[in-house]
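As structure tokens, the structure follows; a few thoughts come after it.
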Amino acid sequence: MLASRLAGYGLAVATLCTASFSYADSLPNVTILATGGTIAGTGATSTTTVGYSAAKLGVEKLIEAVPEMKTIANVSGEQVFQIASENMTNDHWLKLAKRVNELLKQSSVDGIVITHGTDTIEETAYFLNLVVKSKKPVVIVGAMRPATAISADGPINLYNAVGIAGSKDAQGRGVLVALNDEIQGAREVTKSNTMLASTFRAPDLGSLGYVVRGKPVFYRATARKHTVDTEFDIGKLDQLPEVDVVYGYANAKRTPIDAFVAGGDVGLVHAGTGNGSLATPVKEALKEARAKGVIVVRSSRTGSGITARNGEANDDELDFVAADNLNAQKARILLMLALTKTRDTKDIQRMFEVY
Ligand code: DAS
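Numbered per the working numbering, the sequence shown spans residues 21 to 375.
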């Protein structure tokens with residue numbers, strides 16, 4: 021079923037595209053790094069859009085399914101790993117980031133596309149946004165329907181991502197996420213819906229632009245530092261500091277905080293109710309964690325808005341850090357990288373105001 025669908029698709033399209041697919045000097049060189057996800061997923065039937073298996077098709081199959089890419093870029097592919105992105109780990113991030121930096125140092129590489137599961141795309145994107153040391157475009161792409169589904173969104177998303185990665189206009193804008201004809205900035209994008217192809221949103225500030233006929237159209241740029249302008253360097257790192265997230269809600273207990281501290285965490289992010297509010301038992305546990313040297317960041321579970329310093333808690337007195345408008349999963353990433361540089365909370369707060 022899959023082979024006939026993909027082959028049929030490829031055959032049908034190939035008859036429409038007469039352009040040769042050989043290397044063309046006039047085209048940008050784009051490397052696709054595949055990591056898994058729904059974009060590489062397969063289902064039992066063409067109407068299986070839930071209950072499919074992610075991370076099944078290799079990068080060559082993804083490239084074969086979109087022959088049009090070779091009319092807008094010289095495309096090559098590498099399978100960095102093959103996972104559903106809920107299983108992404110710090111080790112995967114370090115491996116991916118090092119490969120991206122290695123490739124972008126090569127003058128023969130003009131841009132990179134990363135195919136990725138949608139569940140943690142926003143986290144990988146923000147991590148790379150802080151550690152990639154190049155102005156060349158890095159575009160992360162996924163899909164909300166598996167490759168075997170009717171109206172699979174992966175092929176057009178991949179085509180658009182390659183178009184952006186090969187575009188000079190996308191240079192110097194930080195890591196980008198491109199699905200559903202929209203271009204999102206790595207810092208602000210989040211997955212906002214479990215099912216819809218339009219799931220990726222930037223709730224605070226909106227998308228950066230659109231993709232039209234495989235070309236990016238930008239309307240704004242992120243104001244925060246990224247890529248070559250950050251102080252973070254993962255080149256010599258083989259692991260990241262242990263930081264976890266604790267979720268806030270009515271009747272929240274201190275139990276998870278105590279467990280993370282006992283487990284050796286050096287940083288904790290609290291996704292508080294409202295403006296990063298701390299229930300009394302949670303505040304007590306976080307104060308004790310801070311006294312043991314754990315760095316505490318207050319974020320919010322609301323998904324948008326600024327968690328203001330000294331707003332719902334006296335951060336000066338508690339020696340906590342406020343997450344600005346980063347959601348908890350992104351605040352965790354910045355805190356992990358901050359802890360590779362410093363344990364000084366004033367310096368860490370500065371980083372949350374800059375990145
Ligand atoms: N499990 C999801 C993931 O790999 C599937 C997807 O890509 O949406 O993120």
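Cβ atoms here follow ideal geometry from the backbone N, Cα and C, with glycine treated the same way.
Less than 9 Å between the C-beta atoms of S73 and P166, yes or no?
yes
Local Cβ density within 10 Å of N334, reported as buried at 16 or more and exposed below that: exposed
Fill in: Straight-line gap, Y375 to T250 (C-alpha atoms, nearest Å)
8 Å
Out of T51, N49 and A75, which has the shortest C-alpha to C-alpha gap to T58?
A75
inquiry  = What would DSSP say about F41, mapped onto helix, strand or coil?
reply    = Caution applies to F41, whose pLDDT of 43 falls short of 50 and renders its modelled position unreliable; the value that the coordinates give is listed next. Three-state DSSP puts F41 in coil, outside helix and strand.
Please work out which residues of its chain come closer than 6 Å, Cβ to Cβ, to D364, disregarding the five sequence neighbours upstream and downstream, and give them in chain order.
none
*Where DSSP assigns a beta bridge to D344, which residues make up the other side?*
T327
key: Euclidean distance between Cα positions of A64 and L216   = 20 Å
Please say whether G234 and V182 have beta carbons closer to each other than 9 Å?
yes
Does the Cβ-Cβ distance between V152 and V120 come in under 9 Å? yes
*Contact under 9 Å by Cβ, I254 with L357*: yes
Please classify P236: does DSSP put it in a helix, a strand, or coil? strand
| Per-residue DSSP class, three states only, for E143 | helix
query: Which value, in whole angstroms, describes the spacing of the CA atoms of E262 and L288?
result: 9 Å
I'd like to check one pair, M108 with G137: are the Cβ atoms closer than 9 Å? yes
| For the ligand DAS, any of its heavy atoms closer than 8 Å to the Cβ of T68? | no
Q. Which stretch, first to last residue, makes up the alpha helix (DSSP H) that contains V120?
A. N110 to L124
**Message:** Taking the alpha-carbon of A291 as reference, which of G284, V281 and V266 has the nearest alpha-carbon?
**Reply:** V266
Practice prompt. Apply the 10 Å Cβ neighbour rule to S105 and answer buried if 16 or more other Cβ atoms are within range, or exposed otherwise.
Written response: buried
* **Distance between A145 and G205 (C-alpha atoms, nearest Å)** => 9 Å
Q.
Please tell me whether I160 and A54 are closer than 9 Å, where the distance is taken between their beta carbons.
A. no
Note to self: Only counting the same chain, and skipping five residues up and downstream in sequence, which positions put a Cβ closer than 6 Å to that of S187?
What the structure shows: P236
Check: I think D278 touches A305, with their Cβ atoms under 8 Å apart; what is that distance to the nearest whole Å?
Finding: 6 Å
- Message: For a cutoff of 9 Å on Cβ pairs, would you count P157 as touching chain B?
- Response: The structure shown contains no chain B, having only a single protein chain.
Cα separation between T51 and M164?
22 Å
Review point. Would you call Q369 buried or exposed, if buried means 16 or more other Cβ atoms sit within 10 Å of its Cβ?
Key: buried
Can you give the beta carbon distance from G296 to G331, rounded, assuming they're within the 8 Å contact cut?
7 Å
Tell me whether D130 is buried or exposed, calling it buried when 16 or more other Cβ atoms sit within 10 Å of its Cβ. buried
Inset, instruction - Can you tell me which of the three DSSP states V151 falls into? - result: helix
**Request:** Measure how close the beta-carbons of V314 and D285 come, nearest whole angstrom, since I'm counting them as under 8 Å.
**Result:** 6 Å
Can S105 be considered in contact with the ligand DAS, in the sense that its beta carbon sits closer than 8 Å to one or more heavy atoms? yes
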